[in-house]
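Residue numbers (the numbering used here), protein chains in the order written: chain A, 1 to 135; chain B, 1001 to 1288.
As structure tokens, then:
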């Protein structure tokens, strides 16, 4: 009998850890004129110059990696297949292509359109869905 | 119990992950943090958002360095690949000449990059260098310190001298793996020298040539030490490639924010190239 793997508990754990870390980091931010200063330094005087947006960015990257690990735990094997790029890719390859492509989408948006990256983020999400569906 | 997968072996890579965290991940995170902030020293940082990225992406200086880098890569590939094939085709396949040729070809690859730069920096000097003195004696107005064209020639010839051997050795490895039966069949069919190259040798070298082209493109795109030692990026900015420009911005001007943004853009391009390289390699292995 094949062992069934309980992936829901690790998923809940990872999401809870993500939310808790984000909440803890947000709590470190100073309040300026009655509102949270989201762009302030998280650890003033530190050489690594952590800010909330960059911390959330890396936290999200770790979240993606943890979600991929849970996906692998739930369905081992990496789901290799040959898509529109005509060579075999696994889920990890597709995540890498999605993240790398998203970085270039954001850069192209900054260079061609200008600041304000919400539309670039939306475009990247559509691109990532396309990569996971067709590549 | 059916247990087709056991991923516990992944725990064995934890020491490597720890090393990579200290040598790559933490510096990369710091660069990302710097790229969205401004500093005047003293670990005091001020939020700048995407300003540095916009500045770099719209800067003529960045695109000029990128253009120079691409032109440089195109020129050295256009020279080193055909030259490497030509030398490999003419290298002996048996006898004592094989060892001699292989050692001679490997020598430039064994010399550290800064030493290569120093050799050519001295070699090209018009006061004491053999090349510089010889060209002047021949009546050629050569001076890589003042003339951008001469500086480019020097940097290109230096790279060709340093790295053509790599293409030669890779092509030679491809050529010696061709069984004699292929050549015998070609002789029976009365194939010309060109036909043997076009339909036997070139297809058999396809894999190693792809590796050579990708390796040389990536290497030349990241070139820093040799042109920095020879020309320092000059005269003017004529041989300032991306890596040299980046160091000037980060260390020379101490513009950490724009330099961090530039290095991230540079990093993404290199990452894309590395992925292409990795994909091509693994797909060749899969085909094999």
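Backbone N, C-alpha and C define an ideal beta-carbon position, used for all residues, glycine too.
- Straight through space, the alpha carbons of residue 1173(B) and residue 1182(B) are spaced by roughly 16 Å.
- Minimum Cα-Cα distance from residue 1162(B) among the listed residues 1100(B), 1099(B), 1105(B) and 1006(B) corresponds to 1105(B).
- Bounds of the alpha helix (DSSP H) holding residue 1221(B) are 1202-1221.
- Counting only unbroken stretches of 3 or more residues, the beta strand (DSSP E) elements lying wholly within the stretch 1016-1098 of chain B are 1037-1039 and 1045-1047, in sequence order.
- Straight across, the Cα-Cα distance linking residue 31(A) with residue 113(A) is about 32 Å.
- Spanning the alpha carbons of residue 1221(B) and residue 1203(B) requires a straight line of approximately 27 Å.
- A residue is called buried once 16 or more other Cβ atoms fall within 10 Å of its Cβ, and residue 1114(B), having fewer, is exposed.
- Only residues of its own chain outside the window of five on either side were considered, and among them 22 and 25 have a CB closer than 8 Å to the CB of residue 56(A), listed in chain order.
- Minimum Cα-Cα distance from residue 1213(B) among the listed residues 1099(B), 1055(B) and 1280(B) corresponds to 1280(B).
- The beta carbon of residue 7(A) sits closer than 7 Å to the beta carbons of 70, 73 and 74 from its chain, once the five residues preceding and following it are set aside; these are given in chain order.
- Straight-line spacing of the CA atoms in residue 1268(B) and residue 1083(B) works out to 31 Å.
- Nearest to residue 1283(B) by alpha-carbon distance, out of 1233(B), 1243(B) and 1210(B), is 1210(B).
- At a cut-off of 9 Å between beta-carbon atoms, residue 1045(B) makes contact with chain A.
- When the five nearest sequence neighbours on each side are left out, the beta carbons in the same chain lying within less than 7 Å of the beta carbon of residue 1132(B) are those of 1124, 1125, 1126 and 1142, in order along the chain.
- In this structure, residue 67(A) sits away from residue 9(A), with a CB-CB distance that is not shorter than 9 Å.
- Contact annotation: the stretch 1140-1157 of chain B touches the stretch 1233-1253 of chain B, with at least three C-beta pairs closer than 8 Å.
- Where residue 1142(B) is concerned, there is no enclosing alpha helix (DSSP H), because DSSP gives it neither an H nor an E.
- Less than 9 Å divides the Cβ of residue 1031(B) from the Cβ of residue 1264(B).
- Chain B has no Cβ within less than 9 Å of the Cβ of residue 22(A).
- Put simply, the CB of residue 1266(B) is far from chain A, with every gap to its CB atoms at 9 Å or more.
- Within the same chain, and ignoring the five residues on either side of residue 1055(B) in sequence, the residues whose Cβ sits closer than 8 Å to its Cβ are 1258 and 1261.
- Check the Cα spacing between residue 98(A) and each of 1272(B), 1278(B) and 1277(B): the tightest is with 1272(B).
- The CB of residue 1054(B) comes closer than 8 Å to the CB of 110, 111, 114 and 115 in chain A, given here in chain order.
- Using a Cβ distance threshold of 9 Å, residue 29(A) and residue 15(A) do not count as a contacting pair.
- Neighbours of residue 10(A) in chain B, taken as residues at a C-beta separation under 7 Å, are lacking, since the least C-beta distance is about 13 Å.
- Of all residues in the stretch 1017-1037 of chain B, only 1026, 1029, 1030, 1032, 1033, 1034, 1036 and 1037 come within less than 8 Å of chain A when Cβ atoms are compared, listed by chain position.
- Setting aside the 5 residues that flank it on each side, residue 1023(B) has no residue in the same chain whose C-beta is closer than 8 Å to its C-beta.
- Listed along chain B, the residues sitting closer than 8 Å to residue 107(A) by beta-carbon distance are 1053, 1057, 1265 and 1268.
- Below 8 Å, too few C-beta pairs join the stretch 1189-1206 of chain B and the stretch 1056-1063 of chain B to call them touching: fewer than three.
- Apart from sequence neighbours up to five positions away, the residues of its chain that approach residue 1108(B) with a beta-carbon distance below 7 Å are 1161, 1162 and 1165, ordered along the chain.
- Restricting attention to 1026(B), 1076(B), 1229(B) and 1255(B), the CA atom closest to the CA of residue 1048(B) is found in 1255(B).
- Membership of residue 1115(B) in the alpha helix (DSSP H) is indicated by the continuous run 1113-1123.
- Checking the DSSP bridge columns, you'll see residue 81(A) partnered with 89(A).
- An exposed status is given to residue 35(A), since fewer than 16 other beta-carbon atoms sit within 10 Å of its beta-carbon.
- Here residue 36(A) is bridged, per DSSP, to 31(A).
- A direct Cα-to-Cα measurement between residue 1227(B) and residue 1219(B) gives close to 13 Å.
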